[in-house]
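**Student:**
In my numbering, the protein residues as written are 6 to 452.
(1) Ignore the nearest five residues each way along the sequence and tell me which others in residue 265's own chain have a CB closer than 7 Å to its CB.
(2) Give the straight-line distance between the Cα atoms of residue 295 and residue 96, rounded to the nearest whole angstrom.
(3) Is the Cβ-Cβ distance between residue 86 and residue 213 less than 8 Å?
(4) Run through DSSP, which three-state label would residue 26 get?
(5) Considering only C-alpha positions, which residue in the set 157, 88, 179, 77 is nearest to residue 118?
(6) For residue 363 and residue 132, what's the separation of their Cα atoms in angstroms?
(7) Using 8 Å as the threshold, is the stretch 99-110 in touch with the stretch 190-200, meaning 3 or more CB pairs across them?
(8) What's the call for residue 308, buried or exposed, on a 16-neighbour Cβ count within 10 Å?
(9) To the nearest angstrom, how far is the alpha carbon of residue 286 from that of residue 225?
(10) Look at the Cβ atom of residue 300, then the Cβ atom of residue 221, and state whether they are nearer than 8 Å.
(11) Check whether the stretch 173-187 and the stretch 105-125 are in contact - that is, three or more C-beta pairs closer than 8 Å.
(12) Return the Cβ separation of residue 83 and residue 208 in integer angstroms, given the expectation that the two are a contact with Cβ distance under 8 Å.
(13) Whose C-beta lies closer than 7 Å to the C-beta of residue 215 among residues of the same chain, with five residues either side of it excluded?
(14) Let me check understanding here. Comparing Cα to Cα, which of 43, 65, 26, 335 lies closest to residue 292?
(15) Suppose you measure from the CA of residue 305 to the CA of residue 206; what does that come to, to the nearest Å?
(16) Apart from the five residues just before and just after residue 79, which ones in its own chain have a Cβ nearer than 8 Å to its Cβ?
(17) Just the Cα atoms here: how many angstroms apart are residue 322 and residue 61?
(18) Would you mind listing the beta strand (DSSP E) stretches within the stretch 115-144 that are 3+ residues and don't spill past its ends, in chain order?
(19) Given this structure, state the Cα-to-Cα distance separating residue 122 from residue 153, to the nearest angstrom.
(20) Quick check: what's the CA-CA separation for residue 217 versus residue 337?
(21) Would you mind working out which of 114, 164, 359, 219 sits nearest residue 67, comparing C-alpha positions?
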């Protein structure tokens with residue numbers, strides 16, 4: 006067969022030449038260059054997206070660390086203040102114990118002084134009774150001995166009254182001073198206790214706030230990391246959707262260029278959209294979280310304070326109820342004992358009154374018997390306690406009264422002057438009065 010310079014048209018398998026043209030290599034070059042550009046753009050986008058967020062999180066963490074350091078320093082200061090307050094409280098308790106000992110000593114002195122005053126009052130009353138008896142017995146003829154005793158008694162009485170007044174003044178001043186000091190110590194102790202309770206509550210509140218802030222920082226950091234992973238996965242999905250696998254084999258150079266421009270615009274728009282949305286979302290979420298966290302911490306502290314106040318109110322209410330019941334019970338017991346004592350005293354006074362009335366009636370009958378027995382013997386009836394120690398003669402008989410008979414006591418002697426100036430000495434005792442009811446006293450012979 007003839008073979009010329011120009012071959013004929015080839016069909017079938019012979020039509021494909023073994024040598025590859027320039028377009029084939031250019032196509033692969035553009036594909037790899039576009040892939041490299043895409044990776045560079047992706048790195049820039051990721052750096053622009055998450056570099057600033059990491060910086061914001063770092064600033065937030067530094068702020069929280071500074072706040073935690075401030076809280077810890079404040080806790081240290083409060084601990085030192087608590088130690089100072091405890092030392093002051095111990096000192097005040099020691100001072101209170103010393104004052105209590107002084108108060109006990111003062112109370113002992115007060116009881117001793119009250120006993121001494123009671124003894125002095127009792128002695129004074131006995132001396133007054135003796136003085137009254139001596140004055141009644143010796144109203145007619147005051148002697149020098151009685152006058153001297155009276156002066157001594159008056160002087161002793163004045164001294165005792167002066168001592169009593171000085172003791173009362175010293176007692177009132179010392180008790181007032183001690184009560185004022187005790188009141189001041191109690192007020193200072195109460196103030197220190199209130200300050201200690203307030204500092205303890207502030208410390209607990211600060212510790213709870215610090216723990217809440219630590220927990221919230223940890224949760225926010227973990228949530229921010231989760232958001233980064235979610236966004237990167239979504240961004241990869243969008244990239245995979247934008248660039249299918251079969252596009253590299255079905256596009257020409259012009260289509261490849263258009264496709265690259267479209268991908269670039271889509272990536273830039275996606276970048277700006279993601280930045281704006283994520284930034285706004287992060288800002289809103291951070292603001293809401295900060296507000297919610299602050300409100301939550303404040304509400305927790307308020308609930309704890311309200312619980313403590315409620316427990317304190319319940320405790321105070323139960324204590325006041327118990328105290329009121331105890332006081333009512335003690336007052337009721339005291340009232341019952343006082344009423345029983347008063348009733349017994351009234352009964353004893355009634356018995357004493359009846360007994361005194363009986364003795365008065367017996368004495369009146371004895372006086373009548375004495376007057377009836379003495380009248381025939383001496384017409385001029387004698388009376389004890391006249392100013393001249395003489396008995397006036399009188400034809401009319403005047404009976405003695407009960408008060409006048411007390412001048413002649415048991416064992417004493419009454420001198421009776423008769424008309425002839427002779428003296429009779431009669432001894433009045435219980436035996437003579439009881440043995441002779443008709444003739445109560447024996448008249449001896451004149452001498």
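Heads up, the beta-carbon is just placed ideally off N, CA and C, and yes, glycines get one too.
**Tutor:** Once the coordinates are examined:
(1) 39
(2) 46 Å
(3) no
(4) coil
(5) 179
(6) 28 Å
(7) yes
(8) exposed
(9) 14 Å
(10) no
(11) yes
(12) 5 Å
(13) 73, 76
(14) 65
(15) 13 Å
(16) 211
(17) 53 Å
(18) none
(19) 25 Å
(20) 55 Å
(21) 219
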